[in-house]
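Below is one structure, written out as structure tokens; the observations come after it.
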Ligand SMILES: [Zn+2]
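Numbering (the numbering used here), first residue to last: 1 to 693.
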């Protein structure tokens, strides 16, 4: 080659380079982004596709999500694997169906440690990873924290979306530049109860659920605007997906989890990445949320998650690949909570089959609301889809990745409305065993929801009446048993409550908490030996049940077995170090053992954790009194009584401290109050009378 030719070729290459660069510049923000794009995964809890503007809902106020859909790819029929938060998110992050990863419900299931996720895959590829979740159901104890450098689940029970976004924004501001990030942001607001922030209430007075979605849209806009201002947005793949929908009364289901109709299985799913995916594309064929993680990895130029059942949708987006052949969804909620039949469904582009005691077949092209069951009219089609379903699942129930549920977890789940968090103690039984069809039983379930709400609102007799009635009609219903037992317990019917909890324990043999609750009943009935037996049963099921250790320790201390008691109480604190009451219980027994320094340490720690805790102040006062600091003791007892004025034992200590501090008149006033009090326990009354002058 002559030098001239070589030079002109070089010139041509340079020239071409300039042209290419100009083209990239001309495309402005739509340039091909960095080799490893950032990924922002936003999961919308409890969000129906058909309540988003882009999905055709005229009354929506979702401008930011709609814009993402306009500028990106919108999947019109994205189907979640389960209408339940934890199983759905596990499927989303693993690309696996629930029968493979084994997380079939909230609460007492967790992601097995061996399974890779989108987070572990991206972390292994050098990504900085962080998750910001908004509800306890996604707490790290359920295993989704793996692969995240930061897993922010500091939510109490739940956290409003704006606060979760604020936490995410702070992390994004502080991360190391030069490495791509993967952020998972979970927004819980549309979950019931529907209670949007003040400024959305008037506009959505008649449909607060839509108000919650409008709020979530605004929260998303805040984060995307921040990313845009920092120059990060255009190198970020943004994806928005629902974990499940909400029935809002469809098929008589109020919320979600009991059924597998489209109201709860069909979710919004949008992919936004200018330069990587086309803008304004709509994909009408059914796809799955388990396809999202493989799709994101494909777009990032990474291999898919090993073993994933989901498939990259990039070929579908580019028009050269078929979408998934079978789209599956399930709910084991009816079985796990109610002992009813689980539901499994499969759909193709037109037909949807639900495997239930009375099987269902719907022609979604004509009947998107699934109102007319045509299984009898189309037996061959129903049989073929039933066969496809069995082929997919192997005709088996599949994996059950159970974890134990302790009292603390059960209480938090109950406060979020997941009462009776049951267990797969039914795992030993067969799916083919005849069970009630959830669609025939939805009325019972709705009544139990009412009973549960009545119990939580303090209307215990109403709860007892409804739950008792439901239980007489459906004796193997674990949810009915636990709602009834809780209400009986609340009104002090401990013998009845113990019997009902016992029935619950027989229905759910893996529940340690059931035995713990029976133990509380016996303790209240003045039968510590039987209470101890029940705590032993609880600890045989779950040796890490802090509440069982705590009560066992208290019972042993009362019997004078101090060393054994201290061992249990210490274990309880070690299991749940952030629960102030456990430390106070330990401190009390340490005091009786004369170990004041250790008691002092535990009490101070309890007060650090919960500064207003009346028991901690009372215990601290008792320690100060034992050490001769009467004035300090007076101060602590005073603080305790300010919170709980009817604690007569504390008042007696208070009076003694006043005496020691020389405040004789005040002390006498307290003794008189105790001696005259109608509800004063006899031993305290006697002690108070003895001090009267
Ligand atoms: Zn959810």
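Even for Gly, the Cβ is constructed at its ideal location relative to N, Cα and C.
- Message: Can you list, in chain order, the residues of its chain with a C-beta nearer than 7 Å to that of residue 632? Leave out the 5 residues immediately preceding and following it.
- Response: Within the chain shown, residue 632 is the residue found at index 632, counting from 1. Correct list, in chain order: 624.
- Under 6 Å Cβ to Cβ from residue 238, same chain only, skipping five residues before and after it: list those, please. As a working note, residue 238 is residue 238 in the chain shown. So the list reads 40, 272, once near-sequence residues are dropped.
- Message: For residue 188 and residue 213, I'd like the C-alpha separation in whole angstroms.
- Response: Taking the first residue of the chain shown as position 1, residue 188 is located at position 188. Taking the first residue of the chain shown as position 1, residue 213 is located at position 213. Going from the Cα of residue 188 to the Cα of residue 213 covers about 10 Å.
- Message: Here's the rule: buried if 16 or more other CB atoms are within 10 angstroms of the residue's CB, otherwise exposed. What is residue 330?
- Response: In the chain shown, residue 330 corresponds to position 330, counting from 1. Buried, since its Cβ has 16 or more Cβ neighbours within 10 Å.
- Item | DSSP three-state assignment for residue 338, whether helix, strand or coil | Stepping through the chain shown from its first residue, residue 338 is reached at position 338. Note: residue 338 maps to helix in three-state DSSP.
- Query: For ligand 1, any of its heavy atoms closer than 6 Å to the Cβ of residue 686?
  - Reply: Sequence index remark: in the chain shown, residue 686 carries index 686 (1-based). No, Cβ of residue 686 sits at least 6 Å from all heavy atoms of ligand 1.
- Query: Given residue 142, which residues of its chain have a CB within under 7 Å of its CB, disregarding the five upstream and five downstream residues?
  - Reply: Your numbering for residue 142 matches position 142 in the chain shown. So the qualifying residues of the chain are 86, 110, 111.
- Mind checking whether residue 295 and residue 267 have CB atoms under 7 Å apart? Position 295 of the chain shown holds residue 295. Position 267 of the chain shown holds residue 267. It is not a contact, given that the beta carbons lie outside the stated cut-off.
- Excluding five sequence neighbours on each side, which residues of the same chain lie with their C-beta closer than 7 Å to the C-beta of residue 671? One-based indexing of the chain shown puts residue 671 at position 671. If we look at residue 671 and ignore the five residues flanking it on each side, its Cβ neighbours are 655, 688, 691, 692.
- Per-residue DSSP class, three states only, for residue 626: As a working note, residue 626 is residue 626 in the chain shown. Helix at residue 626.
- Do you know whose CA, among 442, 400, 628, 123, lies nearest residue 662's CA? Against the chain shown, residue 662 aligns to sequence position 662. Residue 628 is the option with its Cα nearest to residue 662.
- Check residue 153 in the structure and name its three-state DSSP category. Position 153 of the chain shown, counting from 1, holds the residue named residue 153. The answer is coil: DSSP assigns residue 153 none of H, G, I, E or B.
- Query: Is it true that the CB of residue 334 sits closer than 7 Å to the CB of residue 258?
  - Reply: Counted from its first residue, the chain shown places residue 258 at position 258. Counted from its first residue, the chain shown places residue 334 at position 334. Yes.
- Helix, strand or coil: which one does DSSP assign to residue 274? By one-based count along the chain shown, residue 274 stands at place 274. Three-state DSSP puts residue 274 in a strand.
- Message: Looking at residue 580: is its Cβ nearer than 7 Å to the Cβ of residue 610?
- Response: Here residue 580 refers to the residue found at position 580 when the chain shown is read from its first residue. Here residue 610 refers to the residue found at position 610 when the chain shown is read from its first residue. Going by C-beta atoms, residue 580 is nearer than 7 Å to residue 610.
- Message: Taking the alpha carbon of residue 527 as the reference point, which residue from 326, 481, 552 has its own alpha carbon closest?
- Response: For the purposes of this step, residue 527 is taken as the residue at position 527 of the chain shown. Here the closest residue by C-alpha is 552.
- Message: On a Cα-Cα basis, can you pick out the residue from 130, 194, 459, 165 that is closest to residue 151?
- Response: By 1-based counting over the chain shown, the position of residue 151 is 151. With distances taken between Cα atoms, residue 151 lies closest to 130.
- residue 635 to residue 621, Cα distance in whole Å? Here residue 635 refers to the residue found at position 635 when the chain shown is read from its first residue. Here residue 621 refers to the residue found at position 621 when the chain shown is read from its first residue. Taking the straight line joining both Cα atoms gives about 8 Å.
- When the distance is taken between beta carbons, is residue 242 closer than 7 Å to residue 95? The residue you call residue 95 lines up with position 95 of the chain shown. The residue you call residue 242 lines up with position 242 of the chain shown. Not in contact: residue 95 and residue 242 (Cβ atoms no closer than 7 Å).
- Message: If you follow the alpha helix (DSSP H) that residue 283 is in, where does it begin and where does it stop?
- Response: Within the chain shown, numbered from 1, the residue matching residue 283 stands at position 283. From DSSP, residue 283 is part of no alpha helix (DSSP H) but of the beta strand (DSSP E) over 281 to 283.
- Query: Contact between the segment 151 to 162 and the segment 48 to 64: three or more CB pairs below 8 Å?
  - Reply: no
- Task: Only counting runs of 3 or more residues, tell me where the beta strand (DSSP E) segments fall wholly within the segment 41 to 100, in order along the chain.
- Result: 73 to 79
- Based on the DSSP output, what are the partners of residue 222 in its beta bridges? As a first step, residue 222 must be located in the chain shown, where it is residue number 222. DSSP lists no partner for residue 222.
- Pick from 215, 207, 75 that is closest to residue 282, judged by C-alpha positions: Within the chain shown, residue 282 is the residue found at index 282, counting from 1. Measuring from the Cα of residue 282, the nearest candidate turns out to be 75.
- Message: Below 6 Å, is the gap between the Cβ of residue 536 and the nearest heavy atom of ligand 1?
- Response: The sequence position of residue 536 within the chain shown is 536, counting from 1. Result no, Cβ not under 6 Å from ligand 1.
- Item | Straight-line Cα distance separating residue 88 from residue 340 | Your numbering for residue 340 matches position 340 in the chain shown. Your numbering for residue 88 matches position 88 in the chain shown. Cα to Cα, residue 340 sits roughly 21 Å from residue 88.
- Item | residue 269 - partner residues in DSSP beta bridges | Position 269 of the chain shown, counted from the start, is the residue given in the question as residue 269. DSSP, once it has assigned bridges, lists 75, 241 as partnering residue 269.
- Task: Report whether the distance from the Cβ of residue 699 to the nearest heavy atom of ligand 1 is below 6 Å.
- Result: The requested residue 699 is not part of the displayed model; the chain covers only 1 to 693.
- DSSP state of residue 542 mapped onto helix, strand, coil: Counting from 1 along the chain shown, the entry for residue 542 is found at position 542. Residue 542: coil per DSSP, three-state reduction.
- Query: Are there three or more Cβ pairs, one per stretch, closer than 8 Å when the segment 473 to 490 is compared with the segment 499 to 508?
  - Reply: yes
- Message: Under 6 Å: does the beta carbon of residue 85 sit that close to some heavy atom of ligand 1?
- Response: Here residue 85 corresponds to residue number 85 of the chain shown, with the count starting at 1. Answer for residue 85: yes, Cβ within range of ligand 1.
- Query: How would you call residue 145, buried or exposed, if buried means at least 16 neighbouring beta carbons within 10 angstroms?
  - Reply: Translated into positions along the chain shown, residue 145 becomes position 145. Residue 145 is buried by the Cβ-count criterion.
- Task: Consider the C-beta atom of residue 45 and the heavy atoms of ligand 1; say whether any pair is separated by less than 6 Å.
- Result: By 1-based counting over the chain shown, the position of residue 45 is 45. Residue 45: yes, Cβ under 6 Å from ligand 1.
- Task: Measure the Cβ-Cβ separation of residue 586 and residue 569 and say whether it is below 7 Å.
- Result: As a working note, residue 586 is residue 586 in the chain shown. As a working note, residue 569 is residue 569 in the chain shown. In contact: residue 586 and residue 569 (Cβ atoms closer than 7 Å).
- At least 3 beta-carbon pairs within less than 8 Å: the segment 383 to 391 vs the segment 344 to 361: yes
- Assign residue 236 to one of three DSSP states: helix, strand, or coil. Residue 236 sits at position 236 when you count from the first residue of the chain shown. Residue state, collapsed to three classes: strand.
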